[in-house]
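Going letter by letter, the sequence shown gives residues 809 to 1063 in the numbering used here.
Even for Gly, the Cβ is constructed at its ideal location relative to N, Cα and C.
Worksheet: the structure to be examined is printed underneath.
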Amino acid sequence: MKRLCYFVNSDWYFDLHWTERAIAARDAGYEIHIISHFIGEEIIKKFKTLGFICHNVSLVAQSFNMFVFFRAFLNARKIIKEINPDLLHCITLKPCLIGGVSARRSNSPVVISFVGLGRIFLYNTVPMRILRALTVLVYKYIAGNKRGVFIFEHDKDRRKISRLVGIDYHKTIVIEGAGINPDIYKFSIEKKHEIPIVLFASRMLWSKGLGDLIEAKKILRQKNIHFVLNVAGILAEDDKDAIPLELIHHWHNEG
């Protein structure tokens, strides 16, 4: 049986966005391995029930501690070598760097998935510029793998990374999201509302733009232009970029 190994920084992220795709690969005949930072037993039990094989690695998504990163790098490389997957699919920045280097060294098939470029490419502080330069250098090395493919969710991201790294366009592809299951989410005609309804769906991080949307709502309200703002998403309390829950409640009470 062929082995497909997913490498992602957070267990909850894979559970939320990638489980259905892993099930499809399993049903197609692949043995599914997942390398991630598994925080609790609940998701591990769910994945094991689905027939997935879980491998824990001490990778901290928001940490910029290089010692923690290199420890995770060595641990993950050892796990990948033991699994010896027929295809390694890396998702999010750190797994892409670690898995990409591992696959480049062994000349193994790898898929590098950019699910956004992350704050390294967003902020322009001196530390971020240094990290960005190092990241681009590593990606240039990874791009030398003739058996590698780079997947993006936005053409803008593809153009930017291709320009910075020098990736051949034929090794890149844009997949605009994971789609939906039409057996669960049925088509319905959009209802017309007297007051427009806006849905903001995202993690509760400043960089996602909720604060800007709140300010826009206040400005429009002063001009007697109104809309209903619904917010749905995951709190990220351990993230330095997190919007405090108290502030979200305050915005809610303000209307």
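Beta-bridge partners of V816 (DSSP): I899.
Short of 6 Å from the beta carbon of I981, and not among the five residues preceding or following it, lie these beta carbons of its own chain, in chain order: I959.
Bridge partners of S844 according to DSSP: N864.
Residue burial is scored here from C-beta neighbours: N817 has at least 16 other C-beta atoms within 10 angstroms and is therefore classed as buried. Taking the Cβ atoms as the reference, H845 lies roughly 5 Å from L867, within the contact range of under 8 Å. Secondary structure note for F960: its beta strand (DSSP E) is the uninterrupted segment 956 to 960. Shown here for R927: same chain residues with a beta carbon closer than 8 Å to its own, the five before and five after excluded, namely M936, S1015, D1049 in chain order.
When secondary structure is reduced to three states using DSSP, N1038 falls in the strand class. If you draw a straight line from the Cα of R885 to the Cα of A832, it comes to about 26 Å. Secondary structure at R927: coil, using DSSP grouped into helix, strand and coil. With contacts defined by Cβ atoms closer than 8 Å, W826 and I888 do not form a contacting pair. Contact annotation: the stretch 1015 to 1024 does not touch the stretch 980 to 1000, with fewer than three C-beta pairs closer than 8 Å. For the options H978, R1011, V957, the alpha carbon positioned closest to that of D1046 is the one of R1011. Annotation for G985: E961 place their beta carbon closer than 8 Å to its own, counting only its chain and skipping 5 residues before and after.
Residue pairing from DSSP places T980 in a beta bridge opposite F958.
According to the DSSP assignment, I852 belongs to no beta strand (DSSP E) but to the alpha helix (DSSP H) extending over 849 to 857. Under DSSP, L1018 shares a beta bridge with no residue.
Our two residues, E890 and A1040, have alpha carbons roughly 40 Å apart in a direct line.
Here F995 carries a coil assignment [DSSP, helix/strand/coil]. A direct Cα-to-Cα measurement between I1003 and K1025 gives close to 13 Å. If you compare the alpha carbons of V934, F881, G924 with that of G908, the shortest gap goes to F881.
In the displayed model, E1002 falls within coil according to three-state DSSP, outside both helix and strand. It is roughly 29 Å from the alpha-carbon of V1036 to the alpha-carbon of V923.
A residue is called buried once 16 or more other Cβ atoms fall within 10 Å of its Cβ, and A951 is buried on that count. Put simply, of Y931, K964, A911 the residue whose alpha carbon is nearest the alpha carbon of R955 is A911. Under the criterion of beta carbons closer than 8 Å, I843 and D819 do not qualify as touching, at roughly 10 Å.
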